[in-house]
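Since the structure comes first, as structure tokens, the remarks are kept for the end.
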Amino acid sequence: MPATEAFYEAAIVPELWGRALDLACSTWGADGGVLSSYVDRLGAFIPSEGVEEFCARFLEGGWEAQDVRSRRGIPLARKAKDIVTDADFVTSDERRQLPLYADFLPSVGFGAFAGTILAETGGAKIALSLHRKAHREPFSKDDLARLRHDLTHVRRAARLASKVRMSYADGLVDSLERFTCGAILVDWLGRVIRLNGRAEAALGDHLQIVASRLRSPQRETNKALQDLIDASIRPLTSRHEPGPGSVLLQ
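Heads up, the sequence shown is in my numbering, so the first residue is 3 and it goes up one at a time.
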């Protein structure tokens with residue numbers, strides 16, 4: 003199956019993203035690939051099999067704070083280049099000095115990188131990064147040309163996946179209504195974007211929507227509510243921190 007077809011399938015059936023990435027990496031000459039979402043930091047990611055340990059150690063070691071690839075590469079990919087590599091935003095001297103290159107990558111046995119933005123939706127950027135083992139050469143112009151040839155389809159699949167995910171969320175909110183359960187859908191900023199009838203009926207003296215955000219007029223209750231919302235939208239990289247599980251509105 004062509005990699006582009008696998009991406010379209012995964013857009014409809016999210017469980018297939020890992021398989022799609024494995025196939026794409028084989029097609030594009032990479033040892034691993036990662037789909038990531040970014041707002042102001044890493045929010046969520048899906049790795050191919052070849053970089054599962056890479057990603058686990060990246061998160062466990064707190065390497066996101068040292069990730070010059072996302073910090074420099076994403077703005078460059080948005081404004082100047084459709085595909086970026088290390089050579090586009092770090093010098094040879096920096097590669098010898100920056101912790102990501104000098105410490106982390108050698109520890110996991112990886113080296114060359116290529117990345118691109120697949121989609122931007124709701125303020126979040128969906129990025130694709132490809133990785134090669136340390137003993138391999140950087141991605142060549144021919145390698146990048148193969149990726150570029152498939153990008154139109156891959157980006158279309160990413161946009162389709164975003165729409166499917168939103169449709170699923172809308173359907174879940176409606177389904178909970180049938181179980182006499184109120185549901186409120188918030189975006190990555192904690193703004194209310196959808197609520198069902200049960201939730202709307204619960205609005206009143208104790209729970210309000212003010213400037214698109216859930217609020218309680220009682221100070222302590224509102225603090226607990228905001229903590230709960232913050233925990234629900236917290237990026238994966240910080241979800242080891244404890245958070246509240248519920249709030250009593252009274």
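For glycine and all other residues, C-beta sits at the position ideal for the given N, C-alpha and C.
- According to DSSP, Val175 shares a beta bridge with no other residue.
- For Thr118, the enclosing beta strand (DSSP E) has its first and last residue at Phe112 to Thr123.
- DSSP places Tyr40 in no alpha helix (DSSP H) but in the uninterrupted beta strand (DSSP E) bounded by Gly34 to Tyr40.
- About 46 angstroms separates the Cβ atoms of Leu153 and Thr182, ruling out a contact at the 8 angstroms cut-off.
- A contact is defined here as three or more CB-CB pairs under 8 angstroms, and the region 102-112 meets this definition with respect to the region 134-152.
- Contact annotation: Val194 and Ile211 have beta-carbon atoms nearer than 8 angstroms.
- The alpha-carbon separation between Gly184 and Arg217 amounts to approximately 16 angstroms.
- A distance below 7 angstroms between beta-carbons, with the five flanking residues on each side excluded, links Trp65 to the following residues of its chain, in chain order: Leu102 and Phe106.
- Taking a C-beta distance under 8 angstroms as the contact criterion, Asp90 and Leu78 qualify as a contact pair.
- Using a Cβ distance threshold of 8 angstroms, Ile48 and Leu149 do not count as a contacting pair.
- The DSSP-derived three-state label of Arg196 is strand.
- For Cys27, the CB contacts under 8 angstroms within the same chain, skipping 5 residues up- and downstream, are Asp33, Gly34, Gly35, Ser50, Gly52 and Leu132 in chain order.
- Per DSSP, reduced to three states, the secondary structure at Thr93 is coil, with no helix or strand assignment.
- Remark: C-beta atoms of Asp145 and Trp30 approach each other more closely than 8 angstroms.
- Look at Leu18 here: in three-state DSSP terms it is helix.
- Of the residues assessed, Ile128 falls on the buried side of the cut-off, its CB having 16 or more other CB atoms within 10 angstroms.
- A straight-line Cα-Cα distance of about 43 angstroms links Val166 and Gln99.
- Between the beta-carbon of Ala159 and that of Tyr40 there is about 18 angstroms, and that puts the pair past the 8 angstroms contact cut.
- Going by DSSP, Arg80 is part of the alpha helix (DSSP H) stretching over Val70 to Lys81.
- The beta carbons of Gly199 and Arg215 sit no closer together than 8 angstroms.
- Contact annotation: Trp190 and Ala114 have beta-carbon atoms that are not nearer than 8 angstroms.
- For Ile235, the uninterrupted alpha helix (DSSP H) run begins and ends at Arg221 to Ile235, by DSSP.
- The beta-carbon separation of Ala163 and Ala13, rounded to 4 angstroms, stays under the 8 angstroms limit for a contact.
- Distance check between Glu54 and each of Glu7, Leu37 and Arg180 places Leu37 closest, using alpha-carbon atoms only.
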